[in-house]
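Residue numbers (the UniProt record's numbering): 1 to 96.
For glycine and all other residues, C-beta sits at the position ideal for the given N, C-alpha and C.
The block underneath contains the structure these notes are about, expressed in structure tokens.
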């Protein structure tokens, strides 16, 4: 079994390196990224890059405006916790 992204993205939208991540971030967030990366111990630098790459991918997601607008308008589709648990049980997945 393999996991597939719900919304596939262009893998090169944000390169997985410090330069690519910094280019995707703006203003204070870019400075926060650099501060955190420069303060990280060598063994922690990979985790910093991984976290900020995720942040950069979210920041550059072309559909983010659509989701924000739907959430603010009250039209964002939602599911109850009970429905999510039922789906997981039906699929044989843990629910704890």
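Three-state secondary structure (DSSP) of residue i
{"i": "residue 41", "result": "coil"}
{"i": "residue 93", "result": "coil"}
{"i": "residue 16", "result": "coil"}
{"i": "residue 59", "result": "helix"}
{"i": "residue 49", "result": "helix"}
Residues near residue i in its chain [Cβ-Cβ closer than 7 angstroms; skip 5 each side]
{"i": "residue 20", "result": "14"}
Assigned exposure category for residue i - 16 Cβ within 10 Å defines buried
{"i": "residue 49", "result": "buried"}
{"i": "residue 25", "result": "buried"}
{"i": "residue 67", "result": "exposed"}
{"i": "residue 56", "result": "buried"}
Same chain, Cβ closer than 6 angstroms to residue i, neighbours up to 5 away in sequence not counted
{"i": "residue 88", "result": "95"}
Contact set for residue i: own chain, Cβ-Cβ below 8 angstroms, skip 5 residues either direction
{"i": "residue 51", "result": "none"}
Output the residue ranges of the alpha helix (DSSP H) runs that lie fully inside the stretch 66 to 92 and measure 4 residues or longer, sorted by chain position. As far as the stretch 66 to 92 is concerned, its whole alpha helix (DSSP H) runs of at least 4 residues are 81 to 90.
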